[in-house]
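In our numbering, the protein residues as written are 69 to 630.
Just so you know, even glycine gets a beta-carbon here, dropped at the ideal spot from N, CA and C.
From a predicted model like this one, the values you see are computed outputs, not experimental measurements.
Notes to accompany the following structure.
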């Protein structure tokens with residue numbers, strides 16, 4: 069009795085620990101549905117329960133978030149297959165192909181399952197669907213091997229020969245192997261007329277017409293064998309020619325294919341070499357001009373590069389040139405609805421696509437979805453929308469969006485964002501609204517809030533050139549430099565020294581009081597331990613990045629990175 073109680077307690081405690089781990093993982097993915105590693109950990113944890121029902125549920129959950137994970141489609145289909153639920157198996161495979169239309173592994177698994185259902189014609193039709201979808205892929209050999217195996221088991225040798233003939237005309241990773249296998253097949257099975265799919269030609273005069281003639285069978289046999297041999301030799305010649313032509317295409321693509329290290333989806337980032345290889349491969353295939361191959365390569369590409377909008381946009385651009393806007397739009401919508409619904413990149417990209425076509429309402433909606441729904445306060449989406457309204461001349465809406473931008477920036481408390489909004493708004497006031505004084509006031513307001521951005525000091529100094537009063541201009545510039553090099557300034561030590569040197573150059577060039585010049589040189593020399601201060605100059609000491617206001621690259625990079 070005591071042992072039974074202990075066993076019950078052990079099981080209860082074990083189940084509690086297991087449930088706690090599941091809850092912990094679910095909390096992680098609820099907070100961040102894009103945490104792919106935690107999703108995989110959760111799947112493994114649920115699988116440890118060894119419950120088909122629970123496995124089906126968790127596979128459905130992860131596939132809703134990551135439908136390109138073909139392995140989970142396979143596992144889901146396998147569960148239904150074991151249970152004998154054929155309709156569900158078909159449903160899973162067909163659903164998976166909506167997301168992975170050129171996935172060789174899924175097509176091969178689907179065809180393998182169908183092979184075992186004892187319906188030869190249905191299996192053959194499915195194989196043909198698969199070959200049409202992805203049979204020209206360089207790495208489609210798993211599918212071709214399954215198809216050849218199927219026809220061999222059915223002893224359909226004419227079909228086997230036709231399959232070999234088709235595959236040696238396609239550049240693929242086993243081209244050499246298929247070529248040699250085809251020749252061996254011709255040696256073993258290629259001596260019968262029916263394997264060529266042709267009828268026996270009319271018999272020559274040397275074959276007696278009277279079948280009762282004692283020589284008829286011998287001569288007919290000789291004629292049949294000789295004709296088969298001629299056909300076989302002709303076929304072998306055709307095979308060699310086809311192989312040699314395909315080999316040239318194979319060699320063009322071989323290096324690109326060898327450099328593809330990941331053909332499947334994973335949330336882990338691809339290295340730069342992989343991305344560059346895809347770019348070059350796509351560029352090559354487009355230059356070849358075979359539309360079917362181009363589309364197939366794009367479809368292969370967007371599985372491992374799914375999280376990179378660059379490749380979706382490139383695919384859509386190609387389709388746009390070929391078919392027009394609706395088909396291109398379908399590429400964007402496919403990415404956003406099926407794969408990247410939680411990511412902003414493709415929504416912004418589609419917004420730019422729609423804006424380019426003057427579909428402003430659609431573009432606005434896409435930009436807003438990015439910075440309101442997906443990532444509240446996202447500057448990229450907000451400023452894409454803001455710039456659209458500028459181009460459309462909707463200045464009231466522009467002012468509203470700038471107000472939003474200021475709210476987002478100040479809520480973030482990031483100096484780089486605050487400075488960026490002020491700088492952008494000031495430029496809008498100057499270039500669009502022709503209000504130079506308003507621009508200057510905005511820069512002054514910005515510097516009262518942000519003292520850590522060197523570029524802000526410099527662009528403000530440049531803006532002061534629009535002041536009509538030269539004395540006021542010089543005093544404000546001097547005061548700005550003083551603020552930049554002060555102890556209260558949040559510039560780095562290096563940036564302060566750069567501002568010191570710019571300040572020295574300014575005072576030497578523009579200030580009329582030599583005592584002020586000498587005093588400043590002495591202060592600089594004392595601060596930086598220089599023995600000959602009068603030789604110190606901006607041009608001699610440093611090549612200062614950002615010294616010219618128009619060269620605000622470092623600032624721009626910073627705000628993009630954030």
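| Asked | Found |
| --- | --- |
| Applying the 10 Å Cβ sphere with the 16-neighbour rule, what's the burial state of residue 256? | exposed |
| Are at least three pairs of beta-carbons, each pair with one atom in the stretch 407-426 and one in the stretch 442-453, less than 8 Å apart? | yes |
| Let's test the definition: count the other Cβ atoms within 10 Å of the Cβ of residue 167 and tell me whether it reaches 16, buried, or not, exposed. | buried |
| Terminal residues of the continuous alpha helix (DSSP H) containing residue 508? | 504-517 |
| With distances taken Cα to Cα, identify the nearest neighbour of residue 216 among 550, 372, 467, 176. | 176 |
| With DSSP collapsed to three states, give me the class of residue 170. | coil |
| From which residue to which residue does the alpha helix (DSSP H) around residue 377 run? | 377-391 |
| Less than 8 Å separating the beta-carbons of residue 172 and residue 207? | yes |
| Residue 547: which of 492, 515, 372 sits nearest, CA to CA? | 515 |
| Compare the beta carbon distance of residue 533 and residue 559 with 8 Å and say whether it is the shorter of the two. | no |
| Does the Cβ of residue 499 have 16 or more other Cβ atoms within 10 Å, making it buried, or fewer, making it exposed? | exposed |
| On the three-state DSSP scale, how would you describe residue 296? | helix |
| Would you call the CB atoms of residue 140 and residue 148 closer than 8 Å? | no |
| Could you round the C-beta distance between residue 400 and residue 421 to whole angstroms and report it? I think they count as a contact, below 8 Å. | 6 Å |
| If you measure between the beta carbons of residue 570 and residue 589, is that distance less than 8 Å? | no |
| Looking at the structure shown, is residue 555 part of a helix, part of a strand, or coil, going by DSSP? | coil |
| Rounded to a whole number of angstroms, what is the C-alpha to C-alpha distance between residue 430 and residue 485? | 27 Å |
| Let me know if residue 464 comes out buried or exposed under the rule of 16 or more other beta-carbons within 10 Å of its beta-carbon. | exposed |
| Since residue 203 and residue 211 are thought to touch, with beta carbons under 8 Å apart, how far apart are those beta carbons, to the nearest angstrom? | 7 Å |
| Less than 8 Å between the beta carbons of residue 522 and residue 580, yes or no? | no |
| On a Cα-Cα basis, can you pick out the residue from 563, 562, 554 that is closest to residue 591? | 554 |
| Using the rule of at least 16 other Cβ atoms within 10 Å of the residue's Cβ for burial, across every protein chain shown, is residue 336 buried or exposed? | exposed |
| Anyone know if the C-beta pair for residue 529 and residue 543 falls short of 8 Å? | no |
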